[in-house]
């Protein structure tokens, strides 16, 4: 995305509190949600990708700090330490690429906190929750959402229910997308040719 140079909108009025250990993309997505913005609209406002911020691209931090009223230092601490040391190219945009622990999100709700993506979960090799001793799952398969459907796709998007299919019928590939396993089917004509 191009770095937009127009007047900044003020996102500080309705910005939710930052949760301990929260990823910057999670907090920005929750901020978009409270302002009734889609994630695409938020990214246009900040002038870049929130996925890039998660991966250590700090060129947008001054603009995000101005727009939200949060210090650059606080925003900097919301990025995984490995990406601070070695920035990576941005991955696909959240929230459909977030991996989460549904038990952690449930605990957030039970303890009166906003469900949020942990900073550690943004690393592509982090696939396990040591607290609940379970594999992380895509946020879209979690029964608890971090952001509303409005923030994801706008008001015209139909709500999607990913939780109706048993997770045992899916697998987690390196692009952090769940794909359904389909058995290979061969016709008798295909078998006879080989």
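Residue numbers (the working numbering): 180 to 373.
Glycine included, each C-beta is placed from N, C-alpha and C at the ideal position.
Please report the residue range of the alpha helix (DSSP H) in which residue i lies.
{"i": "residue 287", "result": "281 to 289"}
{"i": "residue 202", "result": "First-last for residue 202: undefined, no H or E at that position."}
{"i": "residue 228", "result": "It is not in any alpha helix (DSSP H) - residue 228 carries neither H nor E in the DSSP assignment."}
{"i": "residue 190", "result": "Element bounds for residue 190: n/a, residue is neither H nor E."}
{"i": "residue 215", "result": "That residue, residue 215, is in no alpha helix (DSSP H); it is neither H nor E in DSSP."}
{"i": "residue 251", "result": "251 to 255"}
With a cut-off of 8 Å, does the C-beta of residue i fall near any C-beta of chain D?
{"i": "residue 314", "result": "Considering every chain present, this structure includes no chain D. It has just one protein chain."}
Where does residue i sit, in a helix, a strand or coil, going by DSSP?
{"i": "residue 241", "result": "helix"}
{"i": "residue 345", "result": "Reliability of the predicted coordinates at residue 345 is poor, the pLDDT of 44 falling under 50, and the value obtained from them is presented with this limitation in mind. Note: residue 345 maps to coil in three-state DSSP."}
{"i": "residue 293", "result": "coil"}
{"i": "residue 246", "result": "helix"}
{"i": "residue 223", "result": "helix"}
{"i": "residue 374", "result": "Absent from the structure is residue 374, since the part of the chain shown begins at 180 and ends at 373."}
{"i": "residue 358", "result": "Since pLDDT at residue 358 reaches only 40, below the 50 mark, its modelled position is unreliable, and no value is offered."}
{"i": "residue 339", "result": "Unreliable placement is indicated for residue 339, whose pLDDT of 48 sits below 50; the coordinate value is still reported in the next sentence. Looking at residue 339 - three-state DSSP - the assignment turns out to be coil, as it is neither helix nor strand."}
In the DSSP output, what is residue i paired with across the bridge?
{"i": "residue 313", "result": "308"}
{"i": "residue 264", "result": "For residue 264, which the question treats as bridged, DSSP gives no partner whatsoever."}
{"i": "residue 278", "result": "317"}
I believe residue i touches residue j by the beta-carbon criterion, under 8 Å. Please report the beta-carbon distance rounded to the nearest angstrom.
{"i": "residue 214", "j": "residue 232", "result": "Between residue 232 and residue 214 the Cβ distance is about 17 Å, and since that is not below 8 Å, they are no contact."}
{"i": "residue 208", "j": "residue 229", "result": "7 Å"}
{"i": "residue 247", "j": "residue 190", "result": "5 Å"}
{"i": "residue 274", "j": "residue 222", "result": "No, residue 274 and residue 222 are not in contact; Cβ-Cβ is about 13 Å, not under 8 Å."}
{"i": "residue 234", "j": "residue 266", "result": "6 Å"}
{"i": "residue 315", "j": "residue 279", "result": "6 Å"}
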